[in-house]
Amino acid sequence: MTGKDLVDAITGNPILMGLKDCPAVPAQMSCAVYGKVQDDVGDDVIKNDSKMKYQIEQALLFRGDNSQTAVWHFLVAGSAIHHFVVIPWYKSSVGTVYTLFMAYENKYSVESYVKHVSPAPGADKGYKEYWTASGLSTMLADLLTHSNAWEEYFGQVGQAQANAINYYKYKITALSTAVSNVNQFHKICGKTT
1454 MTGKDLVDAI TGNPILMGLK DCPAVPAQMS CAVYGKVQDD VGDDVIKNDS KMKYQIEQAL
1514 LFRGDNSQTA VWHFLVAGSA IHHFVVIPWY KSSVGTVYTL FMAYENKYSV ESYVKHVSPA
1574 PGADKGYKEY WTASGLSTML ADLLTHSNAW EEYFGQVGQA QANAINYYKY KITALSTAVS
1634 NVNQFHKICG KTT
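Our numbering puts the first residue of the sequence shown at 1454, with every later residue one more than the last.
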């Protein structure tokens, strides 16, 4: 079982692809991967200060092995609020990589994000099968330091400026369990939207 198998299971699930508001994404993706909604615990945060580089490195540190994954909930706050999830996994030719999923309330669904349907962001800074640590690190730093980054990474949703990124790392789990749970999402989580 690979991380790509998990990404394929998620993108092949019409209920998950149909999520249309950003707070539902971490709740439903965590339910899909773990079999129940996970709680946001902790006070880990990235801010634009002298510790930002270190904070980003800590945020992207995945302690799982090549048969494991997790769901991480990122909450970007500032003049607006946005939620997205990061799924870390191991790719043999690269090392740890990350797949992002998001929707934007009243703007686009997860499926539109994955397919780059406007107003979701395009392929350059939008959905990719995987992001490298360098690419995701740049994204997180840009969101805190560049006034145009909100629309570059989240799409044509209106300008906003982030001043903090809180993140919640849910437990590490086996990829085989995660894929099985996603394939049984409707039965396990009982959600239709």
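Note that beta-carbon positions come from the ideal geometry of N, C-alpha and C, so glycine has one too. Remember, predicted model here, so these are calculated numbers, not experimental data.
- Rounded to the nearest whole angstrom, the CA to CA distance from P1476 to M1482 is 10 Å.
- DSSP places Y1551 in the uninterrupted beta strand (DSSP E) bounded by G1548 to F1554.
- Taking a C-beta distance under 8 Å as the contact criterion, A1523 and Y1623 qualify as a contact pair.
- The straight-line gap separating the alpha-carbon atoms of D1492 and A1576 is approximately 31 Å.
- In the DSSP assignment, K1622 falls within the unbroken beta strand (DSSP E) covering A1615 to K1622.
- By the criterion of a C-beta distance shorter than 6 Å, A1617 is surrounded in its chain by V1498, K1500 and A1530, once the five residues flanking it on both sides are discounted.
- By the criterion of at least three beta-carbon pairs nearer than 8 Å, the stretch 1585-1599 is not in contact with the stretch 1454-1468.
- Beta-bridge analysis with DSSP links V1539 to W1525 and L1553.
- Around G1488, the same chain offers N1634 and I1641 as residues with beta carbons nearer than 7 Å, after the five sequence neighbours per side are excluded.
- The bridge partners DSSP lists for W1584 are Y1551.
- Rounded to the nearest angstrom, the gap between the Cα atoms of F1554 and P1541 is 12 Å.
- The shortest CA-to-CA distance from T1591 to any of M1505, G1471, V1610 and S1565 is the one to M1505.
- Counted as a single uninterrupted DSSP element, the alpha helix (DSSP H) harbouring Y1507 occupies residues M1505 to L1513.
- Taking a contact to require three or more Cβ pairs closer than 8 Å, the stretch 1555-1574 and the stretch 1505-1515 do not qualify as touching.
- In the structure shown, V1486 falls within a helical segment according to DSSP collapsed to helix, strand and coil.
- Residue nearest to L1596 within the set D1461, I1468, A1533 and V1478 is A1533 (criterion: CA-CA distance).
- Taking K1568 as reference, the option from G1465, D1458 and L1459 with the minimal CA-CA separation is G1465.
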